[in-house]
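>
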Amino acid sequence: MTTTTFTDIHSDIIQTHILPRLDGPSLSTTATASSHLKSLCSDDRLWSQISRSTWPSITHPRLHHVISTFPSGHRSFFHDCFPALTTVVNYRRHSSSDNKSNCVSYNLDREHFPSELISAVDIRYQNDVVYSATNFTKITTEFLSSPVRLKVNPVYTEPAEPVDKTINLTVDEIIGADETTLSNLKASLTLNWILINPTSKRACNLSSVKAVSARADWVTNETHIRYVTVLPGCDPNKMVQCKIYVVLGVGEGGFLKVNEVVLKLHDLGSCCLNGFEFLGVVEAGLGEKNNVRREIVDDGDRLKSYEELKEIKRERKLRVKEKDRRRVVAVNCFGFFAILVSVFVAFYFVKFGFVFVFLSVLIAMYVYVEILE
Numbered sequence: 001m002t003t004t005t006f007t008d009i010h011s012d013i014i015q016t017h018i019l020p021r022l023d024g025p026s027l028s029t030t031a032t033a034s035s036h037l038k039s040l041c042s043d044d045r046l047w048s049q050i051s052r053s054t055w056p057s058i059t060h061p062r063l064h065h066v067i068s069t070f071p072s073g074h075r076s077f078f079h080d081c082f083p084a085l086t087t088v089v090n091y092r093r094h095s096s097s098d099n100k101s102n103c104v105s106y107n108l109d110r111e112h113f114p115s116e117l118i119s120a121v122d123i124r125y126q127n128d129v130v131y132s133a134t135n136f137t138k139i140t141t142e143f144l145s146s147p148v149r150l151k152v153n154p155v156y157t158e159p160a161e162p163v164d165k166t167i168n169l170t171v172d173e174i175i176g177a178d179e180t181t182l183s184n185l186k187a188s189l190t191l192n193w194i195l196i197n198p199t200s201k202r203a204c205n206l207s208s209v210k211a212v213s214a215r216a217d218w219v220t221n222e223t224h225i226r227y228v229t230v231l232p233g234c235d236p237n238k239m240v241q242c243k244i245y246v247v248l249g250v251g252e253g254g255f256l257k258v259n260e261v262v263l264k265l266h267d268l269g270s271c272c273l274n275g276f277e278f279l280g281v282v283e284a285g286l287g288e289k290n291n292v293r294r295e296i297v298d299d300g301d302r303l304k305s306y307e308e309l310k311e312i313k314r315e316r317k318l319r320v321k322e323k324d325r326r327r328v329v330a331v332n333c334f335g336f337f338a339i340l341v342s343v344f345v346a347f348y349f350v351k352f353g354f355v356f357v358f359l360s361v362l363i364a365m366y367v368y369v370e371i372l373e
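In terms of full-length UniProt numbering, the sequence shown opens at residue 1 and continues consecutively.
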């Protein structure tokens with residue numbers, strides 16, 4: 001009795017009926033089984049199909065050409081974007097400097113800046129695609145010096161129809177989303193923000209995929225969903241937050257729909273980073289520098305990382321508040337001391353009182369300025 005092995009199956013059958021049924025991670029695992037399967041799994045058509053089904057926004061005609069220039073085409077693109085970026089919160093809690101750092105320390109040559117960055121965004125509710133969008137951001141002098149605010153719009157391409165559907169979840173058109181709805185959205189509304197650098201032929205997923213918070217705005221009757229990924233900042237020992245805001249409005253029949261999707265980058269002081277700093281952070285993320293990894297992590301670990309950063313921000317605010325309090329006390333003490341000295345000198349040394357008073361005031365002003373600095 002002869003035994004039939006997997007290698008006995010015709011390659012066309014494997015490529016046509018077996019491999020297309022696998023997802024990205026399964027296809028990668030299959031490729032390691034043998035050199036024969038590795039060759040079959042390297043077919044760019046397989047990875048193109050997987051990538052398009054995972055991120056429908058990349059069906060934009062311009063993106064097809066950009067991805068084709070990657071070292072291994074769609075296979076390289078998929079492995080860049082899946083899994084999303086993660087990092088271990090590694091911050092010097094007792095750093096002596098709270099000043100905003102810059103990205104000059106990065107090996108980021110201005111002559112080799114990308115001419116543009118491409119954003120591909122997909123939002124799913126319970127695995128149903130409700131929103132797909134692309135954005136092409138030109139890298140200009142204004143972008144490099146201005147606060148980063150990337151906004152995307154629904155994809156309108158031919159022959160594909162734009163993906164901008166309502167979410168299969170109704171809310172009261174007057175009251176808005178209740179706590180149950182917010183909890184449902186936080187658990188079931190996933191977002192992927194793929195950032196592509198056409199110059200370096202690299203890409204990454206900047207989203208936390210699952211939301212970290214969901215709240216209702218009772219004034220505008222909108223629902224705000226937030227996704228946060230923690231990344232090393234320009235100073236690798238300080239962290240920044242890549243925040244993606246999704247604003248949901250109430251459409252016809254009370255169904256929720258996506259009104260706006262915006263990405264911003266904030267430091268621990270809630271200051272928005274500019275384009276030059278953004279490029280530095282992204283460059284480090286693409287190259288997996290400073291403890292950045294592409295890893296599959298569970299929701300608990302991602303939330304833990306976010307909570308750790310919130311605790312760091314709270315500690316930083318307390319340090320700044322305590323430092324300001326000490327400054328005020330010091331200034332008041334020196335000011336009071338200067339007044340006492342001036343009065344004493346004026347009373348006992350009337351002849352030279354004016355000169356001493358003047359010098360005392362100058363000393364007090366100098367000390368005041370030094371303390372504030």
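Backbone N, C-alpha and C define an ideal beta-carbon position, used for all residues, glycine too.
1) Between the alpha carbons of Ser11 and Leu22, how many angstroms are there, rounded?
2) Are there 16 or more other CB atoms within 10 angstroms of the CB of Gln241, so buried, or fewer, so exposed?
3) Closest to Arg293 by C-alpha separation, out of Thr29, Ile244, Asn259 and Val88, would be which residue?
4) State the beta-bridge partners of Asp172 as determined by DSSP.
5) Mark Ala84 as exposed unless 16 or more other C-beta atoms lie within 10 angstroms of its C-beta, in which case mark it buried.
6) Grouping DSSP H, G and I as helix and E and B as strand, with all else coil, what is Asp217?
7) For Val262, is the classification buried or exposed, using 16 other Cβ atoms within 10 angstroms of its Cβ as the cut-off for buried?
8) To the nearest angstrom, report how far apart Ile196 and Pro114 are at their CA atoms.
9) Could you give the distance in angstroms between the alpha-carbon of Asp181 and the alpha-carbon of Thr16?
10) Residues in the same chain with beta-carbon distance under 6 Å from Lys138, minus the five sequence neighbours each way, listed in chain order, please.
11) Report yes or no: do the stretch 222-238 and the stretch 275-287 share at least 3 C-beta pairs separated by less than 8 Å?
12) Which two residues bound the contiguous alpha helix (DSSP H) that contains Ile58?
13) Per DSSP, Asn153 is paired with what?
14) Looking at the secondary structure, which residues open and close the alpha helix (DSSP H) in which Pro25 lies?
15) Restricting to runs no shorter than 3 residues, where is the beta strand (DSSP E) found entirely within the stretch 227-299?
16) For Thr166 versus Phe255, is the C-beta distance shorter than 8 Å?
17) Once DSSP output is grouped into helix, strand and coil, what is the label at Val212?
18) At which residues does the alpha helix (DSSP H) containing Leu40 begin and terminate?
19) Can you give me the C-alpha to C-alpha distance between Pro20 and Leu273, rounded to a whole angstrom?
20) Taking just the CA atoms, how far does Ala211 sit from Glu307?
21) Compute the Euclidean distance between the alpha carbons of Arg202 and Asp172, then round it to the nearest angstrom.
22) Based on the DSSP secondary-structure assignment, which residues constitute the bridge partners of Asn197?
23) Does DSSP classify Ile13 as helix, strand or coil?
24) Which residue wins for smallest C-alpha separation from Thr54, given the options Arg75, Asp8, Tyr245 and Asn153?
25) For Thr69, report the span of its beta strand (DSSP E) as first-last.
26) DSSP three-state label for Pro20, please.
27) Name the residue from Pro61, Ile18, Pro56 and Ser57 whose alpha carbon lies nearest to the alpha carbon of Cys41.
28) Mind checking who Ala120 pairs with in its DSSP beta bridge?
29) Hey, quick one: how far does the alpha helix (DSSP H) through Thr141 stretch, first residue to last?
30) Pull up the DSSP beta-bridge partners for Thr223, would you.
31) Measure the Cβ-Cβ separation of Gly251 and Trp218 and say whether it is below 8 Å.
32) Just checking my contact of Val152 with Ala133 at CB under 8 Å: how many whole Å lie between their CB atoms?
33) Rounded to whole angstroms, what is the Cα-Cα separation between Ser39 and Phe70?
34) Is Leu117 close to chain C? Criterion is C-beta to C-beta, closer than 8 Å.
35) Spatial neighbours of Leu27 within its chain, please: C-beta separation below 8 Å, excluding the five flanking residues on both sides.
36) Measure how close the beta-carbons of Ser119 and Trp193 come, nearest whole angstrom, since I'm counting them as under 8 Å.
The structure says:
1) The residue you call residue 11 lines up with position 11 of the sequence shown. The residue you call residue 22 lines up with position 22 of the sequence shown. C-alpha separation (whole angstroms): 16 Å.
2) Taking the first residue of the sequence shown as 1, we reach residue 241 at position 241. Classification of Gln241: buried, given that the 10 Å Cβ count is 16 or more.
3) The residue you call residue 293 lines up with position 293 of the sequence shown. For the residues Thr29, Ile244, Asn259 and Val88, the minimum Cα distance to Arg293 belongs to Val88.
4) As a first step, residue 172 must be located in the sequence shown, where it is residue number 172. Its beta-bridge partners are Gly176.
5) Walking along the sequence shown from the start, residue 84 turns up at place 84. By the 10 Å Cβ count, Ala84 comes out buried.
6) The count along the sequence shown starts at 1 and reaches residue 217 at position 217. Strand, per DSSP.
7) Counted from its first residue, the sequence shown places residue 262 at position 262. When all chains shown are included, Val262 counts as exposed.
8) The residue you call residue 196 lines up with position 196 of the sequence shown. The residue you call residue 114 lines up with position 114 of the sequence shown. Between Ile196 and Pro114, the C-alpha separation is close to 10 Å.
9) Working through the sequence shown from its first residue, we reach residue 181 at position 181. Working through the sequence shown from its first residue, we reach residue 16 at position 16. It is worth fixing the name first, because residue 181 is Thr in this sequence and not Asp. Spanning the two alpha carbons is a distance of roughly 42 Å.
10) Within the sequence shown, numbered from 1, the residue matching residue 138 stands at position 138. If we look at Lys138 and ignore the five residues flanking it on each side, its Cβ neighbours are Glu116.
11) yes
12) In the sequence shown, counting from the first residue as 1, residue 58 sits at position 58. Looking at the DSSP string, Ile58 is not in any alpha helix (DSSP H), and its letter there is neither H nor E.
13) Residue mapping note: residue 153 aligns to position 153 of the sequence shown, counting from 1. Thr134.
14) As a working note, residue 25 is residue 25 in the sequence shown. That run of the alpha helix (DSSP H) goes Gly24 to Ala31.
15) 239-250, 255-266 and 292-294
16) Position 166 of the sequence shown, counting from 1, holds the residue named residue 166. Position 255 of the sequence shown, counting from 1, holds the residue named residue 255. Going by C-beta atoms, Thr166 is nearer than 8 Å to Phe255.
17) For this step, residue 212 is matched to residue 212 along the sequence shown. It is coil, neither helix nor strand.
18) Against the sequence shown, residue 40 aligns to sequence position 40. Residues Ser35 to Cys41.
19) Reading the sequence shown from its first residue, position 20 is the one you call residue 20. Reading the sequence shown from its first residue, position 273 is the one you call residue 273. Going by the C-alpha atoms only, they are around 42 Å apart.
20) The residue labelled residue 307 in the question sits at position 307 within the sequence shown. The residue labelled residue 211 in the question sits at position 211 within the sequence shown. Cα to Cα, the separation comes out at about 13 Å.
21) The count along the sequence shown starts at 1 and reaches residue 202 at position 202. The count along the sequence shown starts at 1 and reaches residue 172 at position 172. If you take the alpha carbons of Arg202 and Asp172, they lie about 43 Å apart.
22) Residue numbering aside, residue 197 sits at position 197 when the sequence shown is read from its first letter. Arg202, per the DSSP bridge assignment.
23) The residue you call residue 13 lines up with position 13 of the sequence shown. Correct three-state label for Ile13: helix.
24) The residue labelled residue 54 in the question sits at position 54 within the sequence shown. It is Arg75 whose Cα lies nearest to the Cα of Thr54.
25) Taking the first residue of the sequence shown as 1, we reach residue 69 at position 69. Where Thr69 is concerned, there is no enclosing beta strand (DSSP E), given that its DSSP letter is neither H nor E.
26) What you label residue 20 is simply residue 20 of the sequence shown in a count that begins at 1. Of the three classes helix, strand and coil, the one that applies to Pro20 here is helix, per DSSP.
27) Residue 41 sits at position 41 when you count from the first residue of the sequence shown. Closest by alpha carbon: Ile18.
28) Position 120 of the sequence shown, counted from the start, is the residue given in the question as residue 120. Paired residues: Thr134 and Ile194.
29) Taking the first residue of the sequence shown as 1, we reach residue 141 at position 141. Its alpha helix (DSSP H) spans residues Thr141 to Ser145.
30) Residue mapping note: residue 223 aligns to position 223 of the sequence shown, counting from 1. According to DSSP, which records beta bridges pairwise, Thr223 is partnered with Ala216 and Leu248.
31) Your numbering for residue 251 matches position 251 in the sequence shown. Your numbering for residue 218 matches position 218 in the sequence shown. No.
32) Here residue 152 is taken as the residue at index 152 of the sequence shown, counted from 1. Here residue 133 is taken as the residue at index 133 of the sequence shown, counted from 1. Confirmed, about 4 Å.
33) Counted from its first residue, the sequence shown places residue 39 at position 39. Counted from its first residue, the sequence shown places residue 70 at position 70. Taking the straight line joining both Cα atoms gives about 18 Å.
34) The chain inventory of the structure shown lacks chain C, comprising one protein chain alone.
35) By one-based count along the sequence shown, residue 27 stands at place 27. Correct list, in chain order: Leu19, Cys41, Leu46, Trp47 and Ile50.
36) By 1-based counting over the sequence shown, the position of residue 119 is 119. By 1-based counting over the sequence shown, the position of residue 193 is 193. Sure, about 6 Å apart at Cβ, within 8 Å.
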